[in-house]
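Residue numbers (our numbering), protein chains in the order written: chain A, 2 to 231; chain B, 2 to 231. C-beta: ideal position from N, C-alpha, C; glycine also.
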DNA sequence: GAAATAGTGTCTATAAGACAGTATTTT
DNA sequence: AAAATACTGTCTTATAGACACTATTTC
């Protein structure tokens with residue numbers, strides 16, 4: 002017993018990253034033109050082979066992909082799940098571990114290789130990239146209902162009205178202002194930047210906030226969720 | 002450009018299933034003795050190689066593992082995530098796609114190969130199986146707060162007091178009976194079995210319920226969660 | 001000071017939880 | 001009829017949402 006049979010079937014193993022941002026009040030996904038076959042030249046998710054000599058996990062492979070293809074250092078990054086099968090890649094039976102990343106739109110500007118597309122109107126995509134993006138969007142929307150996840154779409158500092166607009170764009174419906182502020186307060190994820198306000202507009206300036214250190218790497222969760230509606 | 006380099010690094014690709022059930026009011030995981038090296042004879046999660054000739058996805062591989070190793074046909078099964086790295090398996094860089102399954106305890110009885118262990122007191126386990134189980138348990142507990150997931154730990158029919166006890170065992174705290182029934186009503190996942198009651202005990206018999214057809218394959222979700230406490 | 005939006009106080013509506021009552025079985 | 005637990009009605013408390021008022025800026 003325990004003979005050494007064929008140790009494992011050959012199988013293509015990749016990572017793909019659904020890089021999401023908020024641009025023009027819409028959730029958008031960053032796509033790049035593929036440099037190699039198959040589907041050379043087509044718009045697709047940034048991705049690549051897992052390199053066992055280099056990557057100490059698929060998460061590290063995803064971090065590497067983001068660094069190499071989108072020049073991003075440490076955005077919010079979480080595993081979404083695996084997508085596998087004999088048909089999804091013309092090269093053969095393949096498995097892709099998909100991740101999603103959230104970044105402020107400003108970090109993607111001036112990167113000619115990256116093309117933003119609204120997730121509500123996706124172009125034709127190779128492999129099962131459409132299904133992967135849709136799964137990522139569903140995950141992000143669900144998590145936005147009861148967590149601090151959306152702050153990772155904001156920049157270093159932001160106002161509460163801006164943060165509320167981000168939540169509203171993700172949830173697709175208006176949120177009651179008073180309730181929203183009570184929830185943000187409960188989440189305890191942000192702190193005011195003392196003396197910093199967003200000036201320059203013809204109205205009362207808004208207080209600037211930033212994400213607390215403790216929430217850079219982890220999420221804050223609500224027991225009851227943000228019950229949208231106004 | 003697009004030269005055919007080494008198409009992909011060799012890499013061990015497996016699936017592991019965290020098979021959970023409720024036994025003696027405790028969440029327990031089913032482990033089996035490994036038949037082959039490495040860790041031959043040790044208790045571990047049921048798992049196996051992804052067989053590209055046979056399995057049309059990693060989900061199908063997990064279904065096959067459950068059938069072959071636990072004689073289970075179609076329990077609740079969901080992907081948990083992937084676990085990967087050079088160190089987790091002594092054979093080399095490996096990736097395991099982990100799944101979790103929920104079954105009524107009755108389906109596991111009389112299977113000498115399966116050993117139940119409370120997730121609160123796990124034995125020493127090979128690979129990163131402890132971390133995988135802990136991730137599965139965390140996922141199941143979180144989902145139990147706002148979904149119909151726990152019904153899959155009940156048998157074909159069950160009473161509301163039984164279902165409440167399942168939720169309480171998972172959440173680890175008592176739930177208000179009136180609120181619980183209101184929530185179950187909102188979820189709309191169960192229907193009474195006409196004329197069927199659980200008799201035989203020295204008290205008023207409880208109405209038997211069953212999961213509605215529409216919820217066999219999908220979950221019902223609450224907007225506000227089951228806010229435990231009594 | 002008019003316009004515009006930020007931020008807050010407070011009332012109302014809805015949902016959760018406590019409690020106690022009635023219901024129905026076995027012994 | 002006593003014991004036990006199922007089920008339900010209803011009051012109380014907590015949370016969410018509506019609304020309006022004050023605050024602070026630019027023009």
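At 8 Å on the CB atoms, spell out the chain A contacts of residue 87 of chain B, in chain order. Those are 53, 57, listed as they occur along chain A.
Beta-carbon proximity list for residue 213 of chain A, same chain, < 7 Å, skipping 5 on both sides: Within its own chain, the residues whose Cβ lies closer than 7 Å to the Cβ of residue 213 of chain A, once the five positions on either side in sequence are excluded, are 190, 191, 192, listed in chain order.
Thinking just about the alpha-carbon of each residue, which of B:35, B:166, B:39, B:187 is nearest to the one in residue 45 of chain B? Taking only the C-alpha atoms, the option nearest residue 45 of chain B is B:35.
At 4 residues or longer, and completely inside the segment 84-162 of chain A: list those alpha helix (DSSP H) runs for me, N to C. With a minimum length of 4 residues, the unbroken runs of alpha helix (DSSP H) contained wholly in the segment 84-162 of chain A fall at 130-145.
Go ahead and pull the three-state DSSP assignment for residue 17 of chain B. DSSP places residue 17 of chain B in strand when its eight states are reduced to three.
Can you name, in chain order, every residue of its own chain whose Cβ lies under 7 Å from the Cβ of residue 1 of chain B, other than the five neighbours on each side? Examination of residue 1 of chain B is not possible in this model, given that chain B is present from 2 through 231 alone.
I need the straight-line Cα distance from residue 108 of chain A to residue 198 of chain A, nearest angstrom please. Roughly 22 Å between the two C-alpha positions.
Is residue 166 of chain A near the ligand ADP, judged by its Cβ being under 6 Å from some heavy atom? Looking at this structure, you won't find the ligand ADP or any other ligand, since it has none at all.
With DSSP collapsed to three states, give me the class of residue 166 of chain B. The DSSP-derived three-state label of residue 166 of chain B is helix.
Compute the Euclidean distance between the alpha carbons of residue 128 of chain A and residue 85 of chain A, then round it to the nearest angstrom. Counting only the Cα atoms, residue 85 of chain A lies some 11 Å from residue 128 of chain A.
Rounded separation between residue 102 of chain A and residue 184 of chain A - CA only: When only Cα atoms are considered, residue 102 of chain A and residue 184 of chain A end up about 24 Å apart.
Kindly identify the DSSP beta-bridge partner or partners of residue 174 of chain B. Partner(s): none; residue 174 of chain B has no beta bridge.
Can you say whether residue 29 of chain B is buried or exposed, counting buried as having 16 or more other CB atoms within 10 angstroms of its CB? Counting Cβ neighbours within 10 Å, residue 29 of chain B comes out buried, since at least 16 surround it.
Which partner residues of residue 211 of chain B appear in the DSSP bridge assignment? For residue 211 of chain B, which the question treats as bridged, DSSP gives the partners B:158, B:192.
In whole angstroms, give me the CA-to-CA distance for residue 21 of chain B and residue 223 of chain B. Approximately 23 Å, taken between the alpha carbons.
What residues from chain A crowd round residue 101 of chain B, counting only those whose CB sits closer than 9 Å? Residues of chain A passing the Cβ test: none, with the nearest at roughly 13 Å.
Classify residue 70 of chain A as buried or exposed, calling it buried when 16 or more other Cβ atoms lie within 10 Å of its own Cβ. Buried, because 16 or more other Cβ atoms sit within 10 Å of the Cβ of residue 70 of chain A.
Of the residues B:149, B:121, B:125, which one's Cα is nearest the Cα of residue 182 of chain B? When only C-alpha atoms are compared, the closest one is B:149.
Using a Cβ-Cβ cut-off of 8 Å (strictly less than) and excluding sequence neighbours within five positions of residue 162 of chain B, which residues of its own chain qualify? Within its own chain, the residues whose Cβ lies closer than 8 Å to the Cβ of residue 162 of chain B, once the five positions on either side in sequence are excluded, are 207, listed in chain order.
Please state whether the Cβ-Cβ distance between residue 82 of chain A and residue 106 of chain A is less than 7 Å. Not closer than 7 Å, so no.
Would you list, in chain order, the members of the segment 144-156 of chain B that have their beta-carbon closer than 9 Å to a beta-carbon of chain A? If the cut-off is 9 Å between Cβ atoms, the segment 144-156 of chain B has 146, 147 near chain A.
For residue 179 of chain A and chain B, any beta-carbon pair shorter than 7 Å? At a cut-off of 7 Å, the C-beta of residue 179 of chain A has no neighbouring C-beta in chain B.
Through-space distance from residue 209 of chain A to residue 2 of chain B, alpha-carbon basis: Residue placement at residue 2 of chain B is flagged as unreliable, the pLDDT there being 39, under the threshold of 50; the coordinate-derived value follows with that caveat. Rounded to whole angstroms, the separation of the alpha carbons of residue 209 of chain A and residue 2 of chain B is 48 Å.
What is the C-beta distance between residue 138 of chain A and residue 151 of chain A, in whole angstroms, given that I count them as a contact (C-beta under 8 Å)? Rounded, the Cβ-Cβ distance is 13 Å, inconsistent with contact.
Residue ranges of each beta strand (DSSP E) run of no fewer than 3 residues wholly in the segment 23-72 of chain A, ordered along the chain? Listed in chain order, they are 27-34, 48-50.
Among A:112, A:104, A:196, A:141, which has the Cα closest to the Cα of residue 217 of chain A? Comparing alpha carbon positions, the residue from A:112, A:104, A:196, A:141 closest to residue 217 of chain A is A:104.
Option nearest residue 115 of chain A by Cα separation, candidates A:12, A:203, A:178, A:33: Residue 115 of chain A has its Cα closest to that of A:33, out of A:12, A:203, A:178, A:33.
Check residue 80 of chain B in the structure and name its three-state DSSP category. Looking at residue 80 of chain B - three-state DSSP - the assignment turns out to be strand.
Does any C-beta atom of chain A lie closer than 7 Å to the C-beta of residue 221 of chain B? With respect to chain A, the C-beta atom of residue 221 of chain B has no partner C-beta closer than 7 Å.
Classification of residue 200 of chain B by the beta-carbon crowding that lies within 10 angstroms, buried from 16 upward: Exposed: under 16 other Cβ atoms inside 10 Å.
Close beta carbons around residue 211 of chain B, own chain, < 6 Å, minus the five adjacent residues each side: So the qualifying residues of the chain are 158, 194.
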